[in-house]
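Numbering (full-length UniProt numbering), first residue to last: 1 to 395.
Beta carbons: idealized from backbone N, C-alpha and C, even for Gly.
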Ligand SMILES: *Cc1c(COP(=O)(O)O)cnc(C)c1O
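See below:
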């Protein structure tokens, strides 16, 4: 349904994957709230199951509202095909289980999302699919960490929650050289800020719960990649494990996507201003923000990201209690995990999103007890700053 491949991002987020003419001119896409699809004849059912005729069968195998979302997401990530899932973790697990078997090894960036960490542990314990975390600062370092049994390189950039960046083009080159697929969790960037497939990576995963939805009212996931690979995932780990998205949630994501570009611009602008404020605040020990010119990742941010993003992490002088006092003093900023919403959210990784990670690994990832992660919202940046200022004055 690529009517016009030359459309710009800001146009694709609104139009790609949907043709109103096909649906009585309905400007908003219809929600196909149905579990199954009737066949005109027994023979038609036979042909559909045999894959000899296109058409829908049962909503776990495909649904028109979900297809619209998948086509739009594939276009936004410059991929060939996309699959939508009922959560980001359903997407991560479908892809990782799809790529591996017992005895295989997954090489991961230095940090990964807390539940991805849990999944990797489970895959190791139950199925003997092992993994390692490695810094990926140079080709040599990456090549050294790759084992003969490595079948997947799994990368987050920025790495949650320390905002460390990985040079995706460099990782993609090593992946190509070794014939190992590179999977990127692109949640923190959304397709507006970074497109790993355009940088040579193979598969992109999103927790669509975050910026893609943008309104804090859906849990969902997306995976984008080559047509043959995604088709294989659709017919195995998606269909048979069954972590699919509901048509209504797919519709909410299509709706959220329409404002992705304008939302991201504001998230990023607010974050830039708040990072400058935090960088000069005496109670703040360290600010992790790839838009900071002094950040070691500034050059990579300039190279592969449209803007440095809407998330800032920072540490305080003090201990865990200092961080908790600050959080409790905040009035406008809400204490909550998740990110990418209109509301500014703050969370404490050591006791929340990364509490499952053993302290030793946490420290290796740079997750100190005073580290806080701020998902900068769409409010007036001055109001967010004032709230931080008054809370910082209490510690
Ligand atoms: C939230 C998140 C996930 C998991 O997504 P869910 O939609 O909560 O299942 C995976 N990766 C990253 C980077 C996330 O922020």
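- Around the Cβ of residue 54, are there at least 16 other Cβ atoms within 10 angstroms (buried) or fewer (exposed)? exposed
- Query: Enumerated in chain order, which unbroken segments of the beta strand (DSSP E) with a length of 3 residues or greater are wholly contained in the stretch 169-210?
  - Reply: 182-185, 203-207
- Check whether the Cβ atoms of residue 97 and residue 123 lie closer than 9 Å to each other. yes
- Backbone secondary structure at residue 288 - three-state DSSP: In the three-state reduction of the DSSP assignment, residue 288 falls in the strand class, which pools E and B.
- Query: Should residue 25 be labelled buried (16 or more other beta-carbon atoms within 10 Å of its own) or exposed?
  - Reply: exposed
- Item | Cross-strand partners of residue 225 (DSSP beta bridge) | 81
- Sub-9 Å separation of residue 347 and residue 336 beta-carbons: yes
- Message: In chain order, what are the residue ranges of uninterrupted alpha helix (DSSP H) at least 4 long that sit wholly in the stretch 60-117?
- Response: 64-76, 88-99
- Three-way DSSP call (helix, strand, coil) for residue 311 in this model: strand
- Item | Beta-carbon proximity of residue 127 to residue 353, cut-off 9 Å | no
- Task: Kindly examine ligand 1 and report whether one of its heavy atoms sits closer than 8 Å to the Cβ of residue 341.
- Result: no
- Message: Can you find the residues in the same chain that come closer than 7 Å, C-beta to C-beta, to residue 287, ignoring five residues on each side of it along the sequence?
- Response: Here the set comprises 275, 278, 279, 312, 314.
- Task: Could you tell me whether any non-hydrogen atom of ligand 1 is closer than 8 Å to the CB of residue 209?
- Result: yes
- Task: Could you check which residue in 367, 89, 117, 11 has the C-alpha nearest to that of residue 72?
- Result: Per the Cα distances, 11.
- Across which residues does DSSP place residue 58 in a beta bridge pair? 36
- Query: Does the beta-carbon of residue 211 have 16 or more other beta-carbons within 10 angstroms, so that it is buried, or is it exposed?
  - Reply: buried
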